[in-house]
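Below is one structure, written out as structure tokens, with a few remarks after it.
Residue numbers (my numbering), protein chains in the order written: chain A, 19 to 450; chain B, 119 to 242.
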């Protein structure tokens, strides 16, 4: 009898019989048994394969280490006589030793990579493999310094910024004649909104000895790049910029007036390394940068002035640190100075009658709060919480709140001396 | 007389590579997986003729072992070649200022390492 509350559709479905239930149970049990058997078989297969490999590992390693130093290693004979487990172990060992060995022995190991057919497999994988398989294939090419046609890389390895970075690295490691051009095409070309860490490192290596072409390229194409990519390229320029004082720095100069403070700060930092050249230093609008409304840009300027270290830069820095409204930025500026430069800053003597520091510091998000609030606690500054408004990101919300707080508080004449004393005490503690 | 060389590196492949290369060249090689075990061995007789130490190892680093050796009269004159993946000028200076005799960056040429060992042992 159908209960009154049962919905009409359910009441019309055929009720399962006992036989059906038993059959379903048998099918399910059979499936479970099949899965268990397959899993067990796979485990046994893997175990036996690993045992076979372990038995031959020492002999294969001895063969590799012995032959790698020989002028004629005769890998073809060794590979022809090697069993499948031996060839598998050789692959694993090559992956290790190619990261460790340099020089003549490395070239010998690369011959073994070729003889094992790894390069041929890798090329096939580029044409039709899954993403992770392509990355492995590109890894073999990069480890071995094997040259790959850039057109092939363009056609097969642009499906993501990790593939692009790996492909660019292959060109770099192979010392391809057009590694810079084609490698940079892969890294910052269409559809690449940002670089992976590997990509940043590769871009740096491509321009390590001469960043001028990167500056030229940035000037020509930088307007099409997203903010993240611009900041990353500026960071690479900073690390390669030492020898580029005669290059076209228009891209960097233009971005010192960008609407994003992150971009402006990255542009400022790029001025650091070539600052040993007085002519270059004169081309940088330091006074304008010191007056930037955003503290991150001012901080970057302080770092660069300390890095330059000439008399005029230090004079500008000292004056700026005295009037800097943000205590953390002042600290960063002082921390950028070395001990001799720091000694040039005046040290006042704080007294017990010093007025309480009225600076309001916003409690930060978890990403930075511990360090910064502990600094504030050590400095004896007041800390208060402020609700973040609708930010582009959490950091921007903090910056808005902090800058608003700073502007509402009159400058504290003792804050400079307190910051200087703190930096000196911190350095003394570190040295001990 | 066969020279005794103590090597220490927590990387198995590097340790076996160096051990093989130096053994094949006729040296008696004693290898250890970290600086602590290498230091324990260095405090026993006989004093090795040379050490090859990785810089970054768990427990005692290679540079810490070198510093201890330089403070020990028995070991103060033993040449030490340090291996490191950190090749910046500051890292090299740190290594040499700690008392290391030579500094080899990874990846390295085994042939070049052997040549440096021979040089430090006065064989070249």
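Beta carbons: idealized from backbone N, C-alpha and C, even for Gly.
Coil, strand or helix - residue 226 of chain A by DSSP: Taking the first residue of the first chain as position 1, residue 226 of chain A is located at position 208. In the structure shown, residue 226 of chain A sits in coil (DSSP, three-state: anything other than H, G, I, E or B).
Cβ-Cβ separation, residue 145 of chain A to residue 174 of chain A (assumed contact under 8 Å), whole Å: Mapped onto the first chain, residue 174 of chain A falls at position 156. Mapped onto the first chain, residue 145 of chain A falls at position 127. Residue 174 of chain A to residue 145 of chain A, Cβ: 6 Å. Contact.
Min CB distance residue 71 of chain A to chain B below 8 Å: Working through the first chain from its first residue, we reach residue 71 of chain A at position 53. By this cut-off, residue 71 of chain A is not an interface position.
Alpha-carbon to alpha-carbon, residue 195 of chain A and residue 232 of chain B: On the second chain, position 114 is the one that residue 232 of chain B refers to. On the first chain, position 177 is the one that residue 195 of chain A refers to. For residue 232 of chain B and residue 195 of chain A, the distance between alpha carbons rounds to 33 Å.
8 Å Cβ cutoff met for residue 135 of chain B and residue 119 of chain A: On the second chain, position 17 is the one that residue 135 of chain B refers to. On the first chain, position 101 is the one that residue 119 of chain A refers to. Result yes, Cβ atoms of residue 135 of chain B and residue 119 of chain A sit closer than 8 Å.
Neighbour-count burial assignment, residue 279 of chain A, 16 or more Cβ in a 10 Å radius: Indexing the first chain from 1 puts residue 279 of chain A at position 261. By the 10 Å Cβ count, residue 279 of chain A comes out buried.
Boundaries of the alpha helix (DSSP H) in which residue 319 of chain A is found, first to last residue: Within the first chain, numbered from 1, the residue matching residue 319 of chain A stands at position 301. Segment 313-326, the alpha helix (DSSP H) holding residue 319 of chain A.
Whole-Å CB distance - residue 137 of chain B paired with residue 124 of chain B, under 8 Å assumed: Stepping through the second chain from its first residue, residue 137 of chain B is reached at position 19. Stepping through the second chain from its first residue, residue 124 of chain B is reached at position 6. Contact flag wrong, Cβ pair sits at about 11 Å.
Residue 146 of chain B - containing beta strand (DSSP E), residue span: Residue numbering aside, residue 146 of chain B sits at position 28 when the second chain is read from its first letter. Where residue 146 of chain B is concerned, the enclosing beta strand (DSSP E) stretches over 146-150.
Three-state class that DSSP yields for residue 126 of chain B in the structure shown: Counting from one through the second chain, the residue named residue 126 of chain B turns up at place 8. The answer is strand: DSSP assigns residue 126 of chain B an E or B state.
Local Cβ density within 10 Å of residue 86 of chain A, reported as buried at 16 or more and exposed below that: Counting from one through the first chain, the residue named residue 86 of chain A turns up at place 68. Classification of residue 86 of chain A: buried, given that the 10 Å Cβ count is 16 or more.
Residue 184 of chain B (DSSP reduced to helix, strand or coil): The count along the second chain starts at 1 and reaches residue 184 of chain B at position 66. Three-state DSSP puts residue 184 of chain B in a helix.
For residue 302 of chain A and residue 348 of chain A, the rounded distance between their alpha carbons: One-based indexing of the first chain puts residue 348 of chain A at position 330. One-based indexing of the first chain puts residue 302 of chain A at position 284. Cα-Cα distance, rounded: 21 Å.
Range covered by the beta strand (DSSP E) that runs through residue 168 of chain B: In the second chain, residue 168 of chain B corresponds to position 50, counting from 1. Taken as a continuous stretch (DSSP letters only), the beta strand (DSSP E) holding residue 168 of chain B covers 168-172.
Collapsed DSSP secondary structure at residue 210 of chain B in the structure displayed: Sequence index remark: in the second chain, residue 210 of chain B carries index 92 (1-based). Reduced to three states, the DSSP call for residue 210 of chain B is helix.
Whole-number beta carbon distance between residue 192 of chain B and residue 165 of chain B, since they are thought to touch under 8 Å: Within the second chain, numbered from 1, the residue matching residue 165 of chain B stands at position 47. Within the second chain, numbered from 1, the residue matching residue 192 of chain B stands at position 74. With 8 Å as the limit, residue 165 of chain B and residue 192 of chain B qualify as a contact, their Cβ atoms being about 6 Å apart.
Short Cβ contact (8 Å threshold) for residue 229 of chain A with residue 258 of chain A: Here residue 229 of chain A is taken as the residue at index 211 of the first chain, counted from 1. Here residue 258 of chain A is taken as the residue at index 240 of the first chain, counted from 1. Contact: yes.
Strand pairing of residue 200 of chain B, partner residues [DSSP]: Position 82 of the second chain, counted from the start, is the residue given in the question as residue 200 of chain B. According to DSSP, residue 200 of chain B bridges with B:171, B:221.
Three CB pairs or more closer than 8 Å across the stretch 139-146 of chain B and the stretch 218-236 of chain B: When Cβ pairs closer than 8 Å are counted between the two stretches, the stretch 139-146 of chain B is seen to touch the stretch 218-236 of chain B, the count reaching three or more.
Check whether residue 213 of chain A and residue 247 of chain A have beta carbons under 8 Å apart: The residue labelled residue 213 of chain A in the question sits at position 195 within the first chain. The residue labelled residue 247 of chain A in the question sits at position 229 within the first chain. Yes, these two residues count as a Cβ contact at 8 Å.
Within chain B, the residues that residue 118 of chain A reaches when beta carbons sit closer than 8 Å: Taking the first chain and counting its residues from 1, one reaches residue 118 of chain A at position 100. Here the neighbours are 129, 131, 132, 135, 224, 225, 226.
Helix, strand or coil at residue 119 of chain A [DSSP, three-state]: Position 101 of the first chain, counted from the first residue, corresponds to residue 119 of chain A. Assignment of residue 119 of chain A by DSSP, reduced to helix, strand and coil, places it in the strand class.
Any chain A beta carbon closer than 8 Å to residue 138 of chain B: Along the second chain, read from residue 1 onward, the residue named residue 138 of chain B stands at position 20. True, the Cβ-Cβ gap to chain A drops below 8 Å.
Secondary structure of residue 226 of chain B, DSSP reduced to three states: Working through the second chain from its first residue, we reach residue 226 of chain B at position 108. Note: residue 226 of chain B maps to strand in three-state DSSP.
Cβ of residue 236 of chain B within 8 Å of any chain A Cβ: Numbered from 1 along the second chain, position 118 holds the residue referred to as residue 236 of chain B. Chain A, which has no Cβ nearer than 8 Å to the Cβ of residue 236 of chain B, makes this no.
Cβ neighbours of residue 260 of chain A in the same chain (closer than 7 Å, five flanking residues each side left out): What you label residue 260 of chain A is simply residue 242 of the first chain in a count that begins at 1. The residues are 291, 292.
Span separating the alpha-carbon of residue 249 of chain A from that of residue 284 of chain A: Counted from its first residue, the first chain places residue 249 of chain A at position 231. Counted from its first residue, the first chain places residue 284 of chain A at position 266. Rounded to whole angstroms, residue 249 of chain A and residue 284 of chain A show a C-alpha spacing of 6 Å.
Extent of the continuous alpha helix (DSSP H) to which residue 96 of chain A belongs: Along the first chain, one-based indexing puts residue 96 of chain A at 78. Residue 96 of chain A -> alpha helix (DSSP H) spans 93-99.
Nearest-angstrom Cα separation, counted from residue 320 of chain A out to residue 351 of chain A: Locating residue 351 of chain A in the first chain gives position 333, counting from the first residue. Locating residue 320 of chain A in the first chain gives position 302, counting from the first residue. So the alpha carbons of these two residues sit roughly 5 Å apart.
Chain-ordered chain A contacts of residue 206 of chain B [CB-CB under 8 Å]: Position 88 of the second chain holds residue 206 of chain B. Neighbours of residue 206 of chain B on chain A: none; closest Cβ ~12 Å, over 8 Å.
Reference residue 188 of chain B; option with closest CA among B:219, B:159, B:203, B:163: Working through the second chain from its first residue, we reach residue 188 of chain B at position 70. Comparing Cα-Cα distances from residue 188 of chain B to each of B:219, B:159, B:203, B:163, the minimum goes to B:219.
Within 7 Å of chain B by C-beta, residues of the stretch 182-194 of chain A in sequence order: Residues are counted here when their Cβ sits less than 7 Å from a Cβ of chain B; for the stretch 182-194 of chain A the count is zero.
Residues that residue 222 of chain A contacts on chain B, provided the C-beta gap is smaller than 8 Å: What you label residue 222 of chain A is simply residue 204 of the first chain in a count that begins at 1. Chain B residues near residue 222 of chain A: none, gap ~14 Å exceeds 8 Å.
Three-state class that DSSP yields for residue 164 of chain A in the structure shown: To locate residue 164 of chain A, count along the first chain from 1; it is residue 146. It is coil, neither helix nor strand.
Classification of residue 274 of chain A by the beta-carbon crowding that lies within 10 angstroms, buried from 16 upward: For the purposes of this step, residue 274 of chain A is taken as residue 256 along the first chain, with counting starting at 1. Buried is the call here.
Where residue 191 of chain B meets chain A, residues with beta-carbon distance less than 7 Å: Along the second chain, read from residue 1 onward, the residue named residue 191 of chain B stands at position 73. Residues of chain A passing the Cβ test: none, with the nearest at roughly 29 Å.
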